[in-house]
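Asker:
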Amino acid sequence: MTRAMGAAMRRIHVGNALSAFGLGFTVPYLYVYVAQVRGLGAMTAGLVLAVFAVAALIVLPFAGRAIVRRGPLPVLLAALVTAALGALSLGLAGGAATVLLSAAALGAGQAVMQPALATMIVDCSSADTRSRAFALQFFLQNLGLGVGGLIGGHLVDTTRVSSFTLLFAIEAAMFLLLVGVLATVRMPHSPRMEDAPGQSGRGSWRQLLGNRAMVQLCVLGFVLFFACYGQFESGLSAYGVEAAGISTSALGTALAANTLVIVVAQFAVLKLVERRRRSRVIAAVGLIWSVAWLAAGYAGLGHGSREMATAAFVSTYALFGLGEAMLSPTVAPLVADLAPEGMAGQYNSAFALVKQLALAVGPAVGGPLGAALHGPYIVTFLLFSLGITVLALRLGRQLTAVQDRPWLARGTRVVRRGGAAAGQGAPLVEPR
1 MTRAMGAAMR
11 RIHVGNALSA
21 FGLGFTVPYL
31 YVYVAQVRGL
41 GAMTAGLVLA
51 VFAVAALIVL
61 PFAGRAIVRR
71 GPLPVLLAAL
81 VTAALGALSL
91 GLAGGAATVL
101 LSAAALGAGQ
111 AVMQPALATM
121 IVDCSSADTR
131 SRAFALQFFL
141 QNLGLGVGGL
151 IGGHLVDTTR
161 VSSFTLLFAI
171 EAAMFLLLVG
181 VLATVRMPHS
191 PRMEDAPGQS
201 GRGSWRQLLG
211 NRAMVQLCVL
221 GFVLFFACYG
231 QFESGLSAYG
241 VEAAGISTSA
251 LGTALAANTL
261 VIVVAQFAVL
271 KLVERRRRSR
281 VIAAVGLIWS
291 VAWLAAGYAG
301 LGHGSREMAT
311 AAFVSTYALF
321 GLGEAMLSPT
331 VAPLVADLAP
341 EGMAGQYNSA
351 FALVKQLALA
361 VGPAVGGPLG
371 AALHGPYIVT
381 FLLFSLGITV
391 LALRLGRQLT
401 AVQDRPWLAR
411 GTRVVRRGGA
421 AAGQGAPLVE
431 PR
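Okay, so the sequence shown: first residue is 1 according to the working numbering, each after it adds one.
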């Protein structure tokens with residue numbers, strides 16, 4: 001990594017932390033703000049949360065094309081300005097229509113930030129440093145969300161609208177501050193789609209869908225996000241309250257345990273997984289999450305004491321955190337390594353789209369199931385977790401040696417990057 005790339009990477013990591021801090025400020029309190037503080041009711045509050053997901057699903061297919069054609073930095077700056085306007089107008093909005101439009105702007109801007117920042121990390125890293133860079137990104141995101149949520153919780157007062165207006169104004173200021181931090185970043189040159197005139201938007205999606213390894217990774221990613229992130233604040237919390245009798249304070253402790261494990265264990269886990277096959281690391285996550293679901297089953301169905309049930313439930317979230325720490329230096333770098341030169345933005349946006357779909361479907365399925373059908377809920381997601389292991393091992397058979405074991409590239413010169421299937425972008429490795 002050159003000095004210029006290192007300087008750009010430091011600013012990118014500052015950007016990750018600031019954006020997460022801003023989001024942590026407001027997201028936990030959005031429902032209360034719309035339903036109670038603005039007095040718009042639970043229906044409007046639920047629509048606001050749905051608008052976040054819908055806006056992301058609409059903009060992400062276009063975001064990948066824009067990143068590939070224009071580069072990640074201009075797209076990121078546009079997303080930050082859009083999110084800042086959405087956050088500021090949300091803090092000032094008094095009617096349902098204004099709230100929904102503001103939420104759409106904030107959700108769209110937030111969704112585009114993810115693949116843009118991920119592509120900037122790809123452009124500013126090498127095969128040697130990419131896993132560590134994505135692990136640091138995940139660490140800073142969780143730290144920023146946790147600190148933002150903690151400070152935001154002490155600022156809000158449900159009896160004063162002005163306290164929430166201040167909260168959203170601070171979030172907007174974080175996004176605009178990030179514009180200032182990143183506007184002068186000097187990104188290394190990387191190929192853009194206009195460098196290949198024959199490549200159309202439809203053709204780039206056809207090329208992506210023709211990459212069997214990427215398609216399998218997207219299927220695996222959907223199951224990962226559906227079975228874990230899609231259950232955190234919906235099905236699993238409903239199951240904990242209804243089946244295990246977990247108090248709201250214990251639920252908060254469980255969420256804190258998840259973040260604590262990520263923050264404390266991230267770099268220790270990184271050392272453990274850096275020289276392991278990526279497919280087997282993901283497979284191991286499926287087994288760890290299977291144990292987590294068994295712990296959740298004991299908490300709600302084991303008929304033990306309240307203390308034992310609470311301990312098992314907190315352990316569930318902690319085990320999920322351990323799995324997340326293993327995935328952060330594994331999955332995102334794999335997406336980048338599967339992308340042909342100049343197509344990292346398209347691949348990152350496609351994977352972000354899969355994530356948003358899973359996060360939209362997960363709560364809709366898991367919420368009612370976790371609240372009413374306790375046994376079937378645990379069995380269903382235990383099977384999904386075991387499915388992660390099976391899918392990861394199948395994916396490993398589609399990956400090249402360097403994609404599955406990236407440390408092999410340290411003694412070679414990688415001429416071309418991309419998928420192993422269909423002869424598209426398969427890496428050609430030559431000795432130094």
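Think of the CB as a built atom: it goes at the ideal place given N, C-alpha and C, for glycine as much as any other residue.
Bear in mind that the values here come from a model prediction, so they are computed numbers and not experimental data.
1) Counting along the chain, where does the alpha helix (DSSP H) carrying Val335 start and finish?
2) At what residues does the alpha helix (DSSP H) containing Thr184 begin and finish?
3) Give me the residue from Leu373, Phe139, Trp293, Ala344 with the minimum Cα distance to Leu435.
4) For the candidate residues Leu373, Val261, Leu399, His374, whose alpha-carbon lies nearest to that of Arg277?
5) Compute the Euclidean distance between the alpha carbons of Leu371 and Ala364, then round it to the nearest angstrom.
6) Would you check if the distance between the CB atom of Ala392 and the CB atom of Ala283 is smaller than 7 Å?
7) When you compare only the Cα positions, how much space is there between Asn444 and Ala336?
8) Report the residue ranges of all alpha helix (DSSP H) runs contained in full by the segment 379 to 407; include only those spanning at least 4 residues, in chain order.
9) In this structure, how does DSSP classify Ser200 when only helix, strand and coil are distinguished?
10) Could you give the distance in angstroms between the alpha-carbon of Met120 and the alpha-carbon of Arg306?
11) Can you name, in chain order, every residue of its own chain whose Cβ lies under 6 Å from the Cβ of Phe138, other than the five neighbours on each side?
12) Which runs of the alpha helix (DSSP H) fall wholly inside the segment 44 to 116 and span at least 4 residues, in chain order?
13) DSSP state of Cys228, grouped into three classes?
14) On the three-state DSSP scale, how would you describe Cys218?
15) Taking only three categories from DSSP, how would you classify Asn348?
16) The alpha helix (DSSP H) that contains Tyr298, what's its start and end?
17) Of the residues Met43, Pro333, Ser385, which one's Cα is nearest the Cα of Gln403?
18) Given this structure, state the Cα-to-Cα distance separating Phe351 from Cys218, to the nearest angstrom.
19) What did DSSP end up calling Arg275 once you bin it into helix, strand or coil?
20) Helix, strand or coil for Ile246, going by three-state DSSP, please let me know.
21) Return the CA-CA distance between Gly286 and Arg70, expressed in angstroms with no decimal places.
Answerer: Quick look at the numbers:
1) 331 to 338
2) Looking at the DSSP string, Thr184 is not in any alpha helix (DSSP H), and its letter there is neither H nor E.
3) With the chain represented from 1 up to 432, any question about residue 435 goes unanswered, as that position is not in the structure.
4) Leu399
5) Checking the sequence, you will find Ala at residue 371 rather than Leu. Distance between the alpha carbons of Ala371 and Ala364 is about 12 Å.
6) yes
7) The question about residue 444 has no answer, for the chain in this structure spans 1 to 432.
8) 401 to 404
9) Residue confidence for Ser200 is low, a pLDDT of 48 falling below 50, so the modelled location carries little weight and cannot support an answer.
10) Computed Cα separation, rounded: 47 Å.
11) Ser328
12) 72 to 92
13) coil
14) In the structure shown, the three-state DSSP call for Cys218 is helix.
15) helix
16) Where Tyr298 is concerned, the enclosing alpha helix (DSSP H) starts and stops at 278 to 301.
17) It is Pro333.
18) In this structure, the CA atom of Phe351 is about 6 Å from the CA atom of Cys218.
19) Arg275 falls in the coil class under three-state DSSP.
20) DSSP places Ile246 in coil when its eight states are reduced to three.
21) 37 Å
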